[in-house]
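Q: Residue numbers (this note's numbering): 735 to 924.
For every residue, glycine included, the Cβ atom is placed at its ideal position computed from N, Cα and C.
See the structure below:
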């Protein structure tokens, strides 16, 4: 199975074969062979690559990469609801897909299931927030956050290992935004 998008994904992120190999635990020689179509990765390596680049395996091996973006990438601070849930699931390594009815993940033996409701369900969000040592603080209406006056009360969240904080209307929304800020930065790669 050829990997037509591997080189593009790697070079778009300004990574050498050595850097990518070190990041995922594969030799640069192996990556060189895969990019040249002279070998193919196993299922576990495909999954590693897809998770590293935050794309589906289909996007990695097929002609399914989105066209070059003409606008600004979505900001983590603007994500909410099911869109926020989708990006949390993707960041956690789930092969989530966004469908018309909302984000889904394929569960072997069960088929497509909605992604967990991280932004509204404490049973899904709390384990993440606990593992990240999340610091949470309520914010009053009229509070200023990132140079913007918030017209409604909300929450400010920050992962213990991060110097960056996120605001959200609810504690879970703030927590999941802070998690994404820590894991992937300000913007998501669509």
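Nearest-angstrom Cα distance between residue 799 and residue 859?
A: Bear in mind that the predicted position of residue 799 carries a pLDDT of just 47, short of 50, making it unreliable; the figure below should be weighed with that in mind. One C-alpha to the other measures close to 30 angstroms.
Q: Could you tell me how far apart the beta carbons of residue 739 and residue 793 are, in whole angstroms, since I believe they sit closer than 8 angstroms?
A: 7 angstroms
Q: Excluding five sequence neighbours on each side, which residues of the same chain lie with their C-beta closer than 8 angstroms to the C-beta of residue 883?
A: 876 and 877
Q: With three or more beta-carbon pairs closer than 8 angstroms as the criterion, would you say the segment 835-855 touches the segment 892-900?
A: Taking 8 angstroms as the limit for Cβ pairs, the verdict is that the segment 892-900 does not touch the segment 835-855.
Q: What three-state label does DSSP hand residue 852 in the structure shown?
A: coil
Q: Can you round the beta-carbon distance between residue 853 and residue 906 to whole angstroms, since I take them to be within the 8 angstroms contact cut?
A: 5 angstroms
Q: Only counting the same chain, and skipping five residues up and downstream in sequence, which positions put a Cβ closer than 8 angstroms to that of residue 785?
A: Taking residue 785 as the centre and dropping the five residues before and after it, the same chain places the C-beta of 827 closer than 8 angstroms to its C-beta, in chain order.
Q: Do you know offhand how far residue 889's Cα is from residue 835's?
A: 28 angstroms
Q: Name the residue from 741, 749 and 753 whose alpha carbon lies nearest to the alpha carbon of residue 769.
A: 741
Q: Residue 909: which of 819, 781 and 791 sits nearest, CA to CA?
A: 819
Q: Kindly indicate the opening and closing residues of the beta strand (DSSP E) around residue 832.
A: Run containing residue 832: 831-833, per the beta strand (DSSP E) assignment.
Q: Can you give me the start and stop residues for the beta strand (DSSP E) that residue 870 sits inside?
A: 869-873
Q: Tell me, to the nearest whole angstrom, how far the beta carbon of residue 822 is from that of residue 920; I am working on the premise that it is less than 8 angstroms.
A: Residue 822 to residue 920, Cβ: 16 angstroms. No contact.
Q: Quick check on residue 766: does DSSP put it in helix, strand or coil?
A: helix
Q: List the residues that DSSP assigns as beta-bridge partners of residue 878.
A: 883
Q: Which residue's Cα is closest to the Cα of residue 833: 857, 814 and 848?
A: Closest option to residue 833, Cα to Cα, is 848.
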